[in-house]
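Written out below as structure tokens is the structure these notes cover.
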Amino acid sequence: MTVVKKCLFPAAGYGTRFLPATKAMPKEMLPIVTKPLIQYGVEEAMDAGITQIGVVTGRGKRAIEDHFDISYELEHQIAGSDKEELLSSTRDIMERCTFSYTRQVEMKGLGHAILVGETLIGREPFAVVLADDYCVTEGDGVLAQMVKLYEKYQCSIVAVQEVPKDETYLYGVIEGDLEADNIYRVRNMVEKPAPEDAPSNLAIIGRYILSPDIFDVIRSTPPGKNGEIQITDALQLQAQQGRVIGYQFAGRRFDCGSIDGFIDATNYTYKAQTK
Ligand code: G1P
0 MTVVKKCLFP AAGYGTRFLP ATKAMPKEML PIVTKPLIQY GVEEAMDAGI TQIGVVTGRG
60 KRAIEDHFDI SYELEHQIAG SDKEELLSST RDIMERCTFS YTRQVEMKGL GHAILVGETL
120 IGREPFAVVL ADDYCVTEGD GVLAQMVKLY EKYQCSIVAV QEVPKDETYL YGVIEGDLEA
180 DNIYRVRNMV EKPAPEDAPS NLAIIGRYIL SPDIFDVIRS TPPGKNGEIQ ITDALQLQAQ
240 QGRVIGYQFA GRRFDCGSID GFIDATNYTY KAQTK
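Taking numbering that gives the first Met the number 0, the leading residue of the sequence shown gets 0, the next gets one more, and so forth.
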């Protein structure tokens with residue numbers, strides 16, 4: 000049985016909505032209380048049994064690499080003090096995971112960013128996490144839920160959630176047939192449709208499991224919405240062959256690519272940590 004061992008983090012975007020905070024700092028490093036967004040994503044991948052992490056970065060993203068590395072000076076300073084504990088989560092990540100990086104030189108869309116990651120993934124199924132989408136769950140993380148599904152379906156899987164109909168223009172939207180509880184066989188998918196053109200209100204959230212042929216599909220996918228190469232368009236080709244599952248996951252998602260979502264996530268996490 001093929002298992003998912005690698006997770007790709009597209010992290011080259013500018014994060015203009017958070018300027019000036021993101022002028023010199025990657026948006027993926029914005030903290031929800033004390034952990035940067037990308038660390039939550041890596042922990043979700045680990046929770047799914049994935050320890051090979053690939054990151055598609057760009058200019059100005061060095062802080063991500065430094066975050067998942069030892070800081071000798073800092074560690075030396077706090078060794079033996081009660082502050083040592085504060086670095087235990089990143090230490091645990093570094094002990095269990097490997098990190099590889101590659102750069103997206105030009106911003107040509109999410110599909111393009113994933114294609115740039117091919118060199119880190121090779122020819123095997125892999126997960127994709129968009130760190131902006133911060134997901135909290137009661138039990139298994141979203142990716143762990145999806146990896147289990149992959150073992151059964153052996154095809155691409157997208158996480159979906161219902162959104163208000165007037166917000167479909169912010170998401171990839173799927174149309175599918177309910178195959179089991181919370182599981183849709185996707186027939187059609189559209190990137191950021193106007194509400195009147197949306198085939199449903201089931202929106203794609205930034206968690207994917209992709210089958211290895213996706214790279215070839217992306218290569219032949221022309222630019223779509225906003226002139227960018229969209230992963231939604233590439234997946235549409237697989238969907239037409241019945242090879243995409245939409246999974247309405249158990250859990251809550253915060254859109255940390257928006258100020259409101261980021262503040263909600265911060266309040267939620269702070270309350271959860273201090274109660
Ligand atoms: C991307 C995808 C979109 C998906 C969304 C989830 O859009 O293109 O299909 O619904 O992530 O967050 P972005 O938010 O990067 O514009």
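Beta carbons: idealized from backbone N, C-alpha and C, even for Gly.
What you are looking at is a predicted structure, and each value in this text was computed from that prediction instead of being measured.
Exclusion of the five residues before and after Val32 leaves Thr265, Thr268, Tyr269 and Gln272 as the residues of its chain whose Cβ lies within less than 7 Å of its Cβ. Nearest in C-alpha terms to Thr89, of all of Glu64, Arg102 and Pro194, is Glu64. CA-to-CA, the gap between Val55 and Gly140 works out to about 22 Å.
Residue environment: Val2 is assigned as exposed (fewer than 16 neighbouring CB atoms within 10 Å of its CB, all protein chains considered). The C-beta distance from Met188 to Gly171 rounds to 6 Å, short enough to fall under 8 Å. Minimum Cα-Cα distance from Gly57 among the listed residues Ala78, Lys26, Gly79 and Gln160 corresponds to Lys26. Tyr267: not part of any beta strand (DSSP E); member of the alpha helix (DSSP H) spanning Ile258 to Thr273, first to last residue. The straight-line gap separating the alpha-carbon atoms of Pro198 and Arg61 is approximately 40 Å. Annotation: the continuous alpha helix (DSSP H) that includes Asp46 extends over Leu36 to Asp46. Ser80 carries a coil assignment under DSSP once its states are collapsed to helix, strand and coil. The three-state secondary structure of Ser155, taken from DSSP, is strand.
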